[in-house]
Each structure stands twice: as C-alpha cells, then as structure tokens.
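>
In this note's numbering, the protein residues as written are 19 to 162.
(1) Using DSSP bridges, identify the partner residues of residue 22.
(2) Output the boundary residues of the alpha helix (DSSP H) element that contains residue 70.
(3) Can we say the stretch 100 to 109 touches the stretch 141 to 149, given the rule of at least three CB pairs closer than 8 angstroms?
(4) May I have the straight-line CA-CA distance separating residue 80 from residue 21, to the nearest angstrom?
(5) List the endpoints of the continuous beta strand (DSSP E) containing residue 97.
(6) Kindly indicate if chain E contains any beta-carbon less than 8 angstroms away from that of residue 105.
(7) Check for me: the beta strand (DSSP E) holding residue 131 runs from which residue to which?
Below you can see the structure in the form of structure tokens.
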C-alpha cells in the first residue's frame, strides 16, 4: 500500500463560512447587474470565484503534490523532497500541527493532524536526509 497524507483544508477549530460568502458574492453580483455597475459585478464574481477555488496538498513518496481546483482549470504540481531545504513544524495544544515546507526561500504551510504530521516529517527525512526540521514555538504573532 502506498503511504500518503493529505493536508487539511482548514482547521477543525474554525467555522466554515463558504456558503455565507457565496451568498454575499451573489448579492453583490445581483446588485451590480441591477444597477449596471461593472465594478460591483466584477467584485461579486471574484468573491464567488475565490470561495469556490480550492487547493489540496498530498504528501507521498514522490514529494509534495499540490492539486489546484478552480472553476476554469484543474492543475497539479509535484515537488520532490530534494527541492526543500527545511521543514518548519509548529505544534499547538490542539489536534493539529502546522508543517511548513521551505523551497527557494518560499514557505508553504500545510495543516495536518498530529499523527499525520509525524508521518510527513518521517517521510520527508527519508526522501531528503539533508532536510532541516525546525520546531517553531506556537504563539501569537508580533503586533497582536
């Protein structure tokens, strides 16, 4: 059996406002159509589009595969573990762990359950023994 882990789309501790956002976008779009306001029509369409756009991150033996699901297109990109220089792991008190993959100075954070995060870290170390794993303290960001 092929071992793979899928990142969570959002934290289980956060509420899902997708339907509410689509409703608001539809109202903005309807207002723009009623008043023939192109700017409001564009804003409503963008709000709906952003609400429907999704991204799935899958970690397997090949590395990190990101599947982009949009209305207009579906696209996938795979990055092998050798492309990453470090993993930034942020553990909280809850059931989830944030694992950040650093490639060319860019940080791609992914949310996993605690057990899946351990498997992801182990798989990344096997795929790239030179990868650095850094524990980042979980706290409030500066300025808040």
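Idealized CB from N, CA, C, for every residue including glycine. Bear in mind that the values here come from a model prediction, so they are computed numbers and not experimental data.
The answer reads as follows:
(1) As computed with DSSP, residue 22 is found in a beta bridge with 78.
(2) Residues 56 to 70.
(3) Inter-segment contact for the stretch 100 to 109 and the stretch 141 to 149 is present: three or more beta-carbon pairs are separated by less than 8 angstroms.
(4) Between the alpha carbons of residue 80 and residue 21 lies a distance of about 10 angstroms.
(5) Looking at the DSSP string, the run of the beta strand (DSSP E) that includes residue 97 is 92 to 97.
(6) This model lacks chain E altogether; it includes just one protein chain.
(7) That run of the beta strand (DSSP E) goes 124 to 131.
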